[in-house]
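>
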Amino acid sequence: MVSSKKSSKKNAYTPEPPSNRLTYTLGGIALVLALIASLFMYLWQQRTSSPVDDGYGNLQAAEIAIDDNGYIRLGSDDAPIVIELYEDYKCEGCQRFYHLYGQNIARHIDEGSLAVEYRTLAILDRISETGTYSTRAAAAATCVANTGDGAVFHAFHSDLLEQRPRGREELSPTELADIARNAGADDNAITCITNSDLIDDAEAKTESAREAMISAGSEGTPTVVHNGELVSWESRHWLNELITGTSQ
């Protein structure tokens with residue numbers, strides 16, 4: 001008689017491994033989602049880093065004046081909106097500010113809806129190699145402003161910020177003069193810059209601007225002030241909102 005013995009172990013359940021098709025499908029979905037996220041981030045960065053009114057270019061023409069404090073004003077005396085712009089030509093944030101809004105500012109000045117008082121500081125002298133770059137750049141800007149050509153000053157101002165030296169580097173008087181020449185400044189301005197004629201005056205005027213900025217409630221550049229109040233410029237629409245009196 002043949003006897004049979006029952007197994008003492010139950011058959012264990014072994015799940016079927018996922019098919020290659022499912023694996024590839026899930027991988028494809030993950031890849032598509034990653035590409036969508038990358039595209040969204042790229043478009044967002046492009047939107048936030050591209051200049052407002054990109055393509056407008058430099059100021060076409062504008063009245064220019066220098067007051068007793070050394071503030072350089074661009075724009076019509078009848079402009080309904082006047083802002084004070086505190087900046088330092090060595091300031092990275094000022095470079096970014098003008099990259100984003102320089103053309104937008106130029107358009108509104110050309111349209112007569114805006115005037116800007118450029119109040120230049122030299123608080124970053126200390127980080128330049130000679131300890132004088134911000135002051136020398138401010139003096140050079142005044143040399144150009146003294147030509148009485150608002151469009152030339154605006155072009156020089158924009159180019160000077162665009163070519164802002166990094167770290168402890170700085171531009172020499174000759175290099176500053178070359179930028180001014182390329183912007184259209186006359187021989188008097190070139191000589192003024194090359195000879196550093198307005199350095200002493202710039203030292204006093206930049207200190208006066210620093211004190212005014214602190215009184216307005218700020219301790220760093222760039223700072224925008226309108227009617228005695230600090231203006232936040234992080235929104236891309238800040239200037240349009242200020243001029244139209246609306247929020248977007």
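Per full-length UniProt numbering: the sequence shown = residues 1 to 248. Don't be surprised by glycine CBs; every beta carbon is placed ideally from N, CA and C.
#1: Would you call GLN163 buried or exposed, if buried means 16 or more other Cβ atoms sit within 10 Å of its Cβ?
#2: Taking the runs of the alpha helix (DSSP H) that are 4 residues or longer, which of them lie wholly in the region 136-212?
#3: How is the alpha helix (DSSP H) around LEU124 delimited, first residue to last?
#4: Does DSSP put GLU219 in a helix, in a strand, or in coil?
#5: Between ILE81, LEU74, GLY70 and VAL52, which lies nearest to GLU229 when the distance is taken from Cα to Cα?
#6: Any contact of the region 95-104 with the region 159-175, i.e. 3+ C-beta pairs under 8 Å?
#7: Taking three-plus beta-carbon pairs below 8 Å as touching, is the region 121-128 in contact with the region 52-68?
#8: Whole angstroms is fine: what's the gap from TYR108's alpha carbon to ASN146's?
#9: Given this structure, state the Cα-to-Cα distance separating VAL221 from CYS143, to the nearest angstrom.
#10: To the nearest angstrom, report how far apart SER218 and GLY167 are at their CA atoms.
#11: Between ALA202, ASN188 and LEU114, which lies nearest to TYR89 when the distance is taken from Cα to Cα?
#12: Alpha helix (DSSP H) containing GLU87: first to last residue?
#13: Could you have a look at TYR71 and say whether DSSP puts it in helix, strand or coil?
#14: Assign HIS226 to one of three DSSP states: helix, strand, or coil.
#15: Taking the CB atoms as reference points, tell me whether ALA61 and ALA180 lie closer together than 7 Å.
So, to answer that:
#1: exposed
#2: 150-162, 173-183 and 187-194
#3: Where LEU124 is concerned, there is no enclosing alpha helix (DSSP H), given that its DSSP letter is neither H nor E.
#4: If DSSP states are grouped into helix, strand and coil, GLU219 belongs with coil.
#5: ILE81
#6: yes
#7: no
#8: Looking at the sequence provided, one finds His at residue 108 rather than Tyr. About 23 Å.
#9: According to the sequence shown, residue 221 is Thr rather than Val. About 22 Å.
#10: 23 Å
#11: ALA202
#12: Counting along the chain, no alpha helix (DSSP H) covers GLU87; the unbroken beta strand (DSSP E) around it starts and ends at 81-87.
#13: coil
#14: strand
#15: no
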